[in-house]
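Trainee:
Protein chains: 2
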Amino acid sequence: MAAKPVKSTKTNKKHGVTRDSILDAGLHLFSERGFDGVSVKDVEAAVGLTPGRGSFYRHFKSREELLETIVHREVERVRNMRDMQQRAVGGSLGDRRAELIMQFRLSLTGLNEIKALINLLAREYGRFPELMKQLRELLVDESQELAADDYAEDIRKKIIRGTDSAALSAVVQSALVGYHLANSYFKTAPGGIDSERFINTLVDLILEK
Amino acid sequence: MAAKPVKSTKTNKKHGVTRDSILDAGLHLFSERGFDGVSVKDVEAAVGLTPGRGSFYRHFKSREELLETIVHREVERVRNMRDMQQRAVGGSLGDRRAELIMQFRLSLTGLNEIKALINLLAREYGRFPELMKQLRELLVDESQELAADDYAEDIRKKIIRGTDSAALSAVVQSALVGYHLANSYFKTAPGGIDSERFINTLVDLILEK
DNA sequence: GTCTATAAGTAGATAGAC
DNA sequence: GTCTATCTACTTATAGAC
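Quick note, the sequences are listed as chains R and A, same order.
So for the first sequence, numbering that gives the first Met the number 0 puts the first residue at 0; every next one is plus one.
So for the second sequence, numbering that gives the first Met the number 0 puts the first residue at 0; every next one is plus one.
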């Protein structure tokens, strides 16, 4: 299994550019200017290679392979982060209100964390369906189901309002995502409402009493 | 005032391609493939000109001018539509619940109407700030203030819940926009919740009792 | 692992004939 | 109003020297 010669333990970078530095630069460039707005030349320049000399191709076989690698790495990174946080917050206090507020805060900071990834894929809408699917699973499918289960229990206990826990989960998630995107795309909080005020209003809305 | 010679009443198209047909084609092409994904050649082909011959430039001085004209036309179109609907629904029934449901339905169909425009500008994030500003005014600033006024009155009358009408307006608008975008970008209703179920849950949430 | 050089293609835009 | 022809610039990607 460990048959490869001992060149270096992990990132054998000698003195040149690391694969990771290309991934980092690519994520931010693609996110800011779109896939077509970033030439291989731009990426080379960003990591300190002489622009236009094609040294990029020693690291990735094409511009498209770079994009795929970036998305995959980012999705995994965020999935791990979310799972860790979830374990940390889960049923920590008896106070459901405080717990919801904390959860919504984490949702917003989580969305902020993958801002660049969302941006990147939103730009390339319809062009890389396979990559889009990865984002959907992470952002919608997985997140929403988990919350819906909690809401169902709270509804039984008459802690939160309503009867349709799945729909409630969709409303809450949509509100948080919508708020985040309005902030992100228009660089202004909708109606000038800051995130704490937004979260408080949302929590008041779903809590019974 | 009416000094121009009587060439033709409105769209003097002789027999060639109309300016409007280029705008229509441009909107849909840009929306589907992004600004950089659509060459002048593509636009020419779409309206029946020989691709690659540059006849496009008799109608618009550049590809960028085409984009600006498209956005301006679309924003005006939707603003007019919204204002007409608003007059039609305003205080029509004594039933506030039915009225809210109707309003949210109109919001969602309105968002659907400008799907192509939203798509187009979301792709070019950060590149055409002036055009983005037009969309924000239409979609966030104008819409949200109007709703907030209604909510403030309803809160006084104890018809709807909460104390912060501006924040409530932001939550509602964010939920609707978030729901629309999830549908639009992932081509699947979040959590499999259809729009009527979503709207009902949202209305139940904000109504007192 | 980076450089030089270069191939082959496509883009936006213009001038002028019809 | 459309077509022919063309200029210039830039793109992805490869081959081979160091």
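The beta-carbon is built from N, C-alpha and C at its ideal position, and this holds for glycine as well.
Computed from a prediction, not measured in an experiment: that's the story for all the values here.
Taking the beta carbon of A/Asn-79 as the centre, do at least 16 other beta carbons fall within 10 Å, making it buried, or is it exposed?
Mentor: Against the second sequence, residue 79 of chain A aligns to sequence position 80. Counting Cβ neighbours within 10 Å, A/Asn-79 comes out exposed, since fewer than 16 surround it.
Trainee: Could you tell me how far apart the beta carbons of A/Ser-168 and A/Ala-147 are, in whole angstroms, since I believe they sit closer than 8 Å?
Mentor: Start at 1 with the first residue of the second sequence, and residue 168 of chain A comes out as number 169. Start at 1 with the first residue of the second sequence, and residue 147 of chain A comes out as number 148. 4 Å between Cβ atoms; contact.
Trainee: Does the CB of R/Arg-18 have a neighbour CB from chain A at under 7 Å?
Mentor: Looking up residue 18 of chain R in the first sequence gives position 19. Judged by the 7 Å Cβ criterion, R/Arg-18 is not in contact with chain A.
Trainee: Can you tell me where the alpha helix (DSSP H) with R/Tyr-56 in it begins and where it stops?
Mentor: As a working note, residue 56 of chain R is residue 57 in the first sequence. First-last for R/Tyr-56: undefined, no H or E at that position.
Trainee: Check this for me: beta carbons of R/Ile-100 and R/Val-202, under 7 Å apart or not?
Mentor: By one-based count along the first sequence, residue 100 of chain R stands at place 101. By one-based count along the first sequence, residue 202 of chain R stands at place 203. Yes.
Trainee: Tell me which residue opens and which closes the alpha helix (DSSP H) that R/Asp-23 is part of.
Mentor: For the purposes of this step, residue 23 of chain R is identified with residue 24 of the first sequence, where counting begins at 1. 18 to 32 is the extent of the alpha helix (DSSP H) around R/Asp-23.
Trainee: What three-state label does DSSP hand R/Ile-159 in the structure shown?
Mentor: Looking up residue 159 of chain R in the first sequence gives position 160. Three-state result, R/Ile-159: strand.
Trainee: At the 7 Å Cβ level, is R/Pro-189 part of the contact set with chain A, yes or no?
Mentor: Position 190 of the first sequence, counted from the first residue, corresponds to residue 189 of chain R. With 7 Å as the cut-off, R/Pro-189 counts as an interface residue toward chain A.
Trainee: Do we get a CB-CB distance below 7 Å when we pair A/Tyr-150 with the residues of chain R?
Mentor: Stepping through the second sequence from its first residue, residue 150 of chain A is reached at position 151. Chain R, which has no Cβ nearer than 7 Å to the Cβ of A/Tyr-150, makes this no.
Trainee: Could you pull the start and end residues of the alpha helix (DSSP H) that R/Lys-40 belongs to?
Mentor: Position 41 of the first sequence, counted from the start, is the residue given in the question as residue 40 of chain R. R/Lys-40 -> alpha helix (DSSP H) spans 39 to 46.
Trainee: With distance defined between alpha-carbon atoms, name the residue in R/Leu-105, R/Gln-172 and R/Val-42 nearest to R/Arg-81.
Mentor: By one-based count along the first sequence, residue 81 of chain R stands at place 82. Checked all of R/Leu-105, R/Gln-172 and R/Val-42; the closest Cα to R/Arg-81 is R/Leu-105.
Trainee: Among A/Ser-61, A/Leu-206 and A/His-71, which has the Cα closest to the Cα of A/Met-131?
Mentor: In the second sequence, the residue the question calls residue 131 of chain A occupies position 132. Nearest C-alpha to A/Met-131: A/His-71.
Trainee: Quick one: is R/Asp-35 near chain A, going by C-beta distance under 7 Å?
Mentor: Numbered from 1 along the first sequence, position 36 holds the residue referred to as residue 35 of chain R. Yes, contact with chain A.
Trainee: How about the region 113 to 129 of chain R and the region 159 to 167 of chain A: do they share at least three Cβ pairs that are nearer than 8 Å?
Mentor: Because the criterion of three Cβ pairs below 8 Å is not met, the region 113 to 129 of chain R and the region 159 to 167 of chain A do not touch.
Trainee: Closer than 7 Å, CB to CB, is A/Asn-11 near chain R or not?
Mentor: Within the second sequence, the letter at position 12 stands for residue 11 of chain A. A caution first: A/Asn-11 carries a pLDDT of 43, below 50, which makes its placement in the model too unreliable to give a value.
Trainee: On the CB-based measure, 16 or more other CB atoms within 10 Å of its CB, does A/Lys-9 come out buried or exposed?
Mentor: In the second sequence, the residue the question calls residue 9 of chain A occupies position 10. Its pLDDT being 38, under 50, A/Lys-9 is placed unreliably in this model, and the coordinates cannot settle the point.
Trainee: Hey, is A/Thr-200's beta-carbon within less than 7 Å of any beta-carbon in chain R?
Mentor: Within the second sequence, numbered from 1, the residue matching residue 200 of chain A stands at position 201. So yes, A/Thr-200 belongs to the interface.
Trainee: Taking the alpha helix (DSSP H) that A/Ile-117 falls in, what are its first and last residues?
Mentor: The sequence position of residue 117 of chain A within the second sequence is 118, counting from 1. That run of the alpha helix (DSSP H) goes 114 to 122.
Trainee: Output the boundary residues of the alpha helix (DSSP H) element that contains A/Ala-188.
Mentor: As a first step, residue 188 of chain A must be located in the second sequence, where it is residue number 189. A/Ala-188 -> no alpha helix (DSSP H), and no H or E assigned at all.
Trainee: Got a sec: which bits of the region 53 to 86 of chain R sit with their beta carbon under 9 Å from any beta carbon on chain A, in order along the chain?
Mentor: For the region 53 to 86 of chain R, which is checked against every Cβ of chain A, not one residue is closer than 9 Å.
Trainee: Going along the chain, which residues of its own chain have a beta-carbon closer than 8 Å to the beta-carbon of A/Lys-6, five neighbours each way excluded?
Mentor: The residue given as residue 6 of chain A occupies position 7 in the second sequence. Because the pLDDT of A/Lys-6 is 39, which lies under 50, any placement of that residue in the model is unreliable, and the number read from its coordinates should be weighed accordingly. Excluding residues within five positions, none has a Cβ falling inside 8 Å.
Trainee: Less than 6 Å between C-beta atoms, sequence neighbours within five positions excluded: which residues of the same chain meet that for A/Ala-154?
Mentor: For the purposes of this step, residue 154 of chain A is taken as residue 155 along the second sequence, with counting starting at 1. According to the sequence provided, residue 154 of chain A is Ile. The question's Ala does not apply to it. Cβ neighbours of A/Ile-154 beyond the five flanking positions: Ser-164.
Trainee: In chain A, which residues lie less than 8 Å from R/Glu-129 when you measure between Cβ atoms?
Mentor: The residue you call residue 129 of chain R lines up with position 130 of the first sequence. Those do not exist, as R/Glu-129 stays about 13 Å from chain A at its closest Cβ, beyond 8 Å.
Trainee: Beta-carbon of A/Asp-203 versus every beta-carbon of chain R: anything under 7 Å?
Mentor: The count along the second sequence starts at 1 and reaches residue 203 of chain A at position 204. It does: the Cβ of A/Asp-203 has a partner Cβ on chain R nearer than 7 Å.
Trainee: Closest by CA to R/Pro-189, which one among A/Gly-89, A/Ser-30, A/Ala-188 and A/Ser-173?
Mentor: On the first sequence, position 190 is the one that residue 189 of chain R refers to. Minimum Cα distance to R/Pro-189 is reached at A/Ser-173.
Trainee: Tell me, please, which residues DSSP counts as bridged to R/Leu-206.
Mentor: Stepping through the first sequence from its first residue, residue 206 of chain R is reached at position 207. According to DSSP, R/Leu-206 bridges with R/Ile-159.
Trainee: Given a cut-off of 7 Å on the beta-carbon distance, is the pair A/Glu-207 and A/Lys-157 in contact?
Mentor: What you label residue 207 of chain A is simply residue 208 of the second sequence in a count that begins at 1. What you label residue 157 of chain A is simply residue 158 of the second sequence in a count that begins at 1. Going by C-beta atoms, A/Glu-207 is nearer than 7 Å to A/Lys-157.
Trainee: Please report the Cβ distance between A/Leu-65 and A/Ile-21, rounded to the nearest whole angstrom; I am assuming they are in contact, meaning their Cβ atoms lie under 8 Å.
Mentor: As a position in the second sequence, residue 65 of chain A is number 66, starting the count at 1. As a position in the second sequence, residue 21 of chain A is number 22, starting the count at 1. Rounded, the Cβ-Cβ distance is 7 Å, consistent with contact.
Trainee: Find the residues of chain R that neighbour A/Gln-172, judging by a C-beta separation of less than 7 Å, and give them in chain order.
Mentor: Residue 172 of chain A sits at position 173 when you count from the first residue of the second sequence. Those are Pro-189, listed as they occur along chain R.
Trainee: Given a cut-off of 7 Å on the beta-carbon distance, is the pair R/Gly-51 and R/Lys-40 in contact?
Mentor: Counting from one through the first sequence, the residue named residue 51 of chain R turns up at place 52. Counting from one through the first sequence, the residue named residue 40 of chain R turns up at place 41. In contact: R/Gly-51 and R/Lys-40 (Cβ atoms closer than 7 Å).
Trainee: Are the CB atoms of R/Ser-194 and R/Lys-114 within a distance shorter than 7 Å?
Mentor: Walking along the first sequence from the start, residue 114 of chain R turns up at place 115. Walking along the first sequence from the start, residue 194 of chain R turns up at place 195. No. Outside cutoff.
Trainee: In this structure, does DSSP put A/Arg-126 in helix, strand or coil?
Mentor: Reading the second sequence from its first residue, position 127 is the one you call residue 126 of chain A. Note: A/Arg-126 maps to coil in three-state DSSP.
Trainee: Closest by CA to A/Ile-198, which one among A/Phe-185, A/Gly-25 and A/Tyr-178?
Mentor: Here residue 198 of chain A refers to the residue found at position 199 when the second sequence is read from its first residue. A/Ile-198 has its Cα closest to that of A/Tyr-178, out of A/Phe-185, A/Gly-25 and A/Tyr-178.
Trainee: Determine the contact status of A/Ile-192 and R/Ala-151, defining contact as a CB-CB distance below 7 Å.
Mentor: In the second sequence, counting from the first residue as 1, residue 192 of chain A sits at position 193. In the first sequence, counting from the first residue as 1, residue 151 of chain R sits at position 152. No.
Trainee: Give the DSSP-derived three-state secondary structure of A/Ser-61 in the structure shown.
Mentor: Within the second sequence, residue 61 of chain A is the residue found at index 62, counting from 1. Reduced to three states, the DSSP call for A/Ser-61 is coil.
Trainee: Run the CB neighbour count on R/Gln-85, radius 10 Å, all protein chains shown included, and call it buried at 16 or more, exposed below.
Mentor: Numbered from 1 along the first sequence, position 86 holds the residue referred to as residue 85 of chain R. Its Cβ having fewer than 16 others within 10 Å, R/Gln-85 is exposed.
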